[in-house]
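Report on one structure; see the data block that follows.
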Amino acid sequence: MHRLLVTGGAGFVGANFVRHVLERTDAHVIVLDKLTYAASPEALTDLPQGRVELVIGDVTDAALVDTLVGRLTGPDDGLVHFAAESHNDTSLRDPGLFVQTNVVGTFVLLEAARRHDVRLHHVSTDEVYGELSLEDPARFTEHTAYRPSSPYSATKAGADHLVRAWVRSFGVRATLSNCSNTYGPWQHVEKFVPRQVTTLLEGGRAKVYGTGEHVRDWIHAQDHASAVLAVLERGRIGETYLVGADGQASNLEVVRALLELLGRSADDVDHVADRAGHDLRYALDANKLRTELGWEPAHQDLRAGLAATIDWYREHRGWWAPKKGAVEAAYAERGQ
Ligand code: NAD
Ligand code: TDX
Numbered sequence: 001m002h003r004l005l006v007t008g009g010a011g012f013v014g015a016n017f018v019r020h021v022l023e024r025t026d027a028h029v030i031v032l033d034k035l036t037y038a039a040s041p042e043a044l045t046d047l048p049q050g051r052v053e054l055v056i057g058d059v060t061d062a063a064l065v066d067t068l069v070g071r072l073t074g075p076d077d078g079l080v081h082f083a084a085e086s087h088n089d090t091s092l093r094d095p096g097l098f099v100q101t102n103v104v105g106t107f108v109l110l111e112a113a114r115r116h117d118v119r120l121h122h123v124s125t126d127e128v129y130g131e132l133s134l135e136d137p138a139r140f141t142e143h144t145a146y147r148p149s150s151p152y153s154a155t156k157a158g159a160d161h162l163v164r165a166w167v168r169s170f171g172v173r174a175t176l177s178n179c180s181n182t183y184g185p186w187q188h189v190e191k192f193v194p195r196q197v198t199t200l201l202e203g204g205r206a207k208v209y210g211t212g213e214h215v216r217d218w219i220h221a222q223d224h225a226s227a228v229l230a231v232l233e234r235g236r237i238g239e240t241y242l243v244g245a246d247g248q249a250s251n252l253e254v255v256r257a258l259l260e261l262l263g264r265s266a267d268d269v270d271h272v273a274d275r276a277g278h279d280l281r282y283a284l285d286a287n288k289l290r291t292e293l294g295w296e297p298a299h300q301d302l303r304a305g306l307a308a309t310i311d312w313y314r315e316h317r318g319w320w321a322p323k324k325g326a327v328e329a330a331y332a333e334r335g336q
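Here is the structure:
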């Protein structure tokens, strides 16, 4: 049995990853999570007894991080870094928090990984590459230049650069993955898909920023999780792997699919105030991950994935309903 320290393991993608690891490996998982508003410790409660340990703490707490990383003494032990402030809209209002968690937090983990010579996988985003135009068929690759737009993506880009520098300068054994927009169980209701699903389930109208022509490249959370595990197990040190499932769709297309799946009129959409600096399109080429590591997404049909996600939110109303009011009140204040 080996040990994995998973930062942000009570968050959306982190929790899906912890669940995937427990199913697929015999690892003992230590989750380090600050339990911010975005966390769902509920996602970790029905897991095999004794195989998951939740440590509530901050990734910028160097003493705590050093103690936890110091426990990773086996040859197959490792550290997977999901913890981050993850919402672009929040980064426009409180960028300092993003610098602290996303940049300083990554620095603290890298220093601990260096001291204890522990393998680290850093989870990042395709947003570090900036936006693509709608007409251009190009997609991001591992060679695309960094051009982040928002405080969120700039801090993720900064963290990526730290990881690469620590590999090169100090020989830290690290890998990186930059994934596209992820959807599925346990995603906070502030994010696009769960916001629309839960609003529609409550009988409200979809809320689309601006024109809704913005394109995202959707991947299911279980596929994001399986890709991170593949890179952790088989990825080459120092390498970056783009993670995506060929799921490009405009925001309006996603909303129309949700409306149809829920038996609602295609007109039940409000176009609300746009996001400042809103990136027009993300799309990525995951060929390196597929060919080099033999990874394939299990969810290839976005519409089917959205239908399953609707079912999941319908069955987990008790988890999301208490969060919904405050999130919608904050959006309403901003005309969104
Ligand atoms: P999330 O906001 O749902 O979860 C983040 C988790 O990190 C929460 O549990 C939170 O409590 C924890 N956390 C925040 N600050 C912390 C701190 N200072 N110390 C310890 N824990 C802290 O985010 P997510 O959507 O699950 O994203 C996880 C990672 O995946 C992030 O690094 C994000 O950049 C990356 N990513 C996400 C997506 C996506 O679409 N969700 C896509 C690509 C990459
Ligand atoms: O109500 C909404 N209406 C709307 O039109 C919300 C919340 C969003 N949007 C738009 C903005 C984006 O074009 O939907 C798209 C997706 O928005 P978000 O869910 O906020 O995601 P995005 O900003 O694209 O970033 C996400 O994917 C990459 C995650 O939040 C990041 O953590 C990840 O790195």
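Each residue of the sequence shown is one higher than the last, beginning at 1 in our numbering.
Note that CB positions come from ideal geometry on N, CA and C, so glycine has one too.
Note that the coordinates shown come from a computational prediction; the quantities given were computed from them, not determined experimentally.
Secondary structure of D160 (DSSP, three-state): helix.
Residue side-chain check: H143 keeps its Cβ at 7 Å or more from all non-hydrogen atoms of the ligand TDX.
When distances are taken from the beta-carbon of T125 to the heavy atoms of the ligand TDX, the shortest one is below 7 Å. Taken from the Cβ of K323, every heavy atom of the ligand NAD lies 7 Å or farther away. E53: member of the beta strand (DSSP E) spanning 52 to 56, first to last residue. For a cut-off of 8 Å, the C-beta gap from W166 to L110 is around 4 Å, short enough to register as a contact.
In terms of CA proximity to Y241, A230 leads the group G247, N251, A230.
Using a Cβ distance threshold of 8 Å, L252 and G305 do not count as a contacting pair. Within the same chain, and ignoring the five residues on either side of D274 in sequence, the residues whose Cβ sits closer than 7 Å to its Cβ are Y209, G210. Between G335 and V272, the gap from beta carbon to beta carbon is short of 8 Å. In the structure shown, G305 falls within a helical segment according to DSSP collapsed to helix, strand and coil.
In the three-state reduction of the DSSP assignment, Q248 falls in the strand class. At the C-beta level, T60 and V99 stay beyond 8 Å of one another.
Looking from the CA of T101, the closest CA among T155, G70, E53 belongs to T155.
For L64, the Cβ stays outside the 7 Å cut-off from all heavy atoms of the ligand NAD. By the criterion of a C-beta distance shorter than 6 Å, N181 is surrounded in its chain by R216, W218, once the five residues flanking it on both sides are discounted. In this structure, V59 has its CB closer than 7 Å to one or more heavy atoms of the ligand NAD. Ranked by how close their Cα comes to the Cα of Q187, the residues D136, A266, S40 have S40 in first place. Counted as a single uninterrupted DSSP element, the stretch harbouring D267 is not any beta strand (DSSP E), since DSSP gives it neither H nor E. Spanning the alpha carbons of H278 and R3 requires a straight line of approximately 40 Å. Judged by DSSP secondary structure, R115 falls within the alpha helix (DSSP H) whose first and last residues are 105 to 116.
Excluding residues up to 5 positions away in sequence, E296 lie with their Cβ nearer than 8 Å to the Cβ of R290 in the same chain.
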